[in-house]
Amino acid sequence: MVFAWDWTQRVLVSDKIVYVEWRHEPSTTWFYARGLTSFDLDGHLLDTSTLRLCQVIESHVHLLRPGHQLCVSVRTSTDSSVRTRAVCVLACYNLLHHHTLSVTDAWIPFDSLHIVPFFDRLSCLHVLDCVRGVDKARACGFIPPDHHHVDAPPFTWLSKKVLTFPSPSCTLDTFMPYFHAHNVTLILALHPPVYCFDTLDIEYMDLICPDDMHSDDIMLGRILDAIESTPGVVAVHGLHRIRTFLGGYLMRTHGFSAAEAAGWLHATHPYNVDGDQLFPHMLRRWHAVLDTSTDTRRDADARPRSSSSLKINIGGISFGSSLLLGSSTTKSQDKSTLSKKKNVPPQLVKTSSRSNDVAECGGSTSRGHSRERSLKTATPVQS
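Structure below.
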């Protein structure tokens, strides 16, 4: 027999799913007698990403018997983040697998629950930020319409151009077939090289930079230049500090807000990935800079090009005030443009040479077989 005090929370997520937090979980026969199929979420929260858990839950829903519900359950714990992670999974599932729901509608079943933010209270990354990030990614086309699609386990697609993968033990050879099948042309890493570059026919770029705020700004510009100048897909090596810079890429290229970028990155990677705890703060700072630069450019475009529309007619020849005052107006505009360029932060300036940037930052780049291809295609010099 199960009493009411054996659980602490019970939430009807949808007509097929109920969420329960147990003090004392009943036996399997108890679930079956009440038309429930038990799914223990505790064993998956740490080492599985939110999006992959949504796919796992959907596969269990498709296997339900007629008239049964899926009871997604966790055990009551002193760790308040257990509820946070579980609600994040179910809210994202509610959004992805009910196409008519908005973020607000997906959150309604959990509105009465007390949910602490991820990481700590200083980070202020809430479950709603993850749901909004997933919704923004879906609007950008990053999530395929068929939500049953599961990527290869080591790989996570952040956008149509960027995927991440963990550090393999010894070599990249096992990943090469997947890279070739998905048009990967650049492997990007932020740690010392561990591979033999000459065995690859894909460009490998290693960027190393000290851990300080100014270097982070410079590094963001390097990574943006590397991604935007690569014609194919960029495979990002590692799952730790690189998430901060990928958030900057999502904000500038795809219009994510700082909270949406942090939420999307959090939803696509396992919770036990030890990332940069301050990456939400860095994203908010970069987002403020991007907003300021956008407003500055908008004001410059809206500014009239001439100071007056006065025309002077002398002997049948008309002179405009722009001709008479052109030199002073042009000089003032040039000064204002120059002052604005000085205030543009490093992460918003596109660099012209990738090799120079890598040398300045202490990294390295290798092309592998591309050197051989360039020798074959070189045109001989005629004397």
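For the record, in the sequence shown the residue sitting at position 323 is 323 according to full-length UniProt numbering, with numbers rising by one throughout.
Note that beta-carbon positions come from the ideal geometry of N, C-alpha and C, so glycine has one too.
Query, Result
"Determine, using beta-carbon pairs with one atom in the segment 253 to 270 and one in the segment 123 to 130, whether at least three such pairs fall under 8 angstroms.", "yes"
"Assuming contact is defined by CB atoms lying nearer than 8 angstroms, are L163 and A267 in contact in what I supplied?", "no"
"Can you check DSSP and say which residues form a bridge with E21?", "Q9, V74"
"Would you give the residue range spanned by the beta strand (DSSP E) that D206 belongs to?", "203 to 206"
"Please list, in chain order, all residues of the same chain as L186 whose beta carbon is under 6 angstroms from its beta carbon, the five residues on each side excluded.", "E203, T230, V234"
"So, with DSSP's three-state summary, where would you put H237?", "strand"
"Can you check DSSP and say which residues form a bridge with A189?", "D206, H237"
"Measure the CB-CB distance between V18 and L45 and report whether it falls below 8 angstroms.", "no"
"Could you please give the first and the last residue of the uninterrupted beta strand (DSSP E) stretch that includes D111?", "Here D111 belongs to no beta strand (DSSP E), and DSSP marks it neither H nor E."
"Would you mind stating whether V13 and L96 have Cβ atoms separated by less than 8 angstroms?", "no"
"Beta strand (DSSP E) containing S38: first to last residue?", "36 to 40"
"Nearest to L172 by alpha carbon, out of F110, D201, K161?", "D201"
"Which residue's Cα is closest to the Cα of P66: E228, G35, F165, V20?", "G35"
"Going by the DSSP bridge assignment, what does W30 pair with across the sheet?", "Partner(s): none; W30 has no beta bridge."
"How would you write the range of the alpha helix (DSSP H) that F179 sits in, first residue to last?", "176 to 181"
"On the criterion of 16 or more Cβ atoms from any shown chain inside 10 Å, does G141 qualify as buried, or is it exposed?", "exposed"
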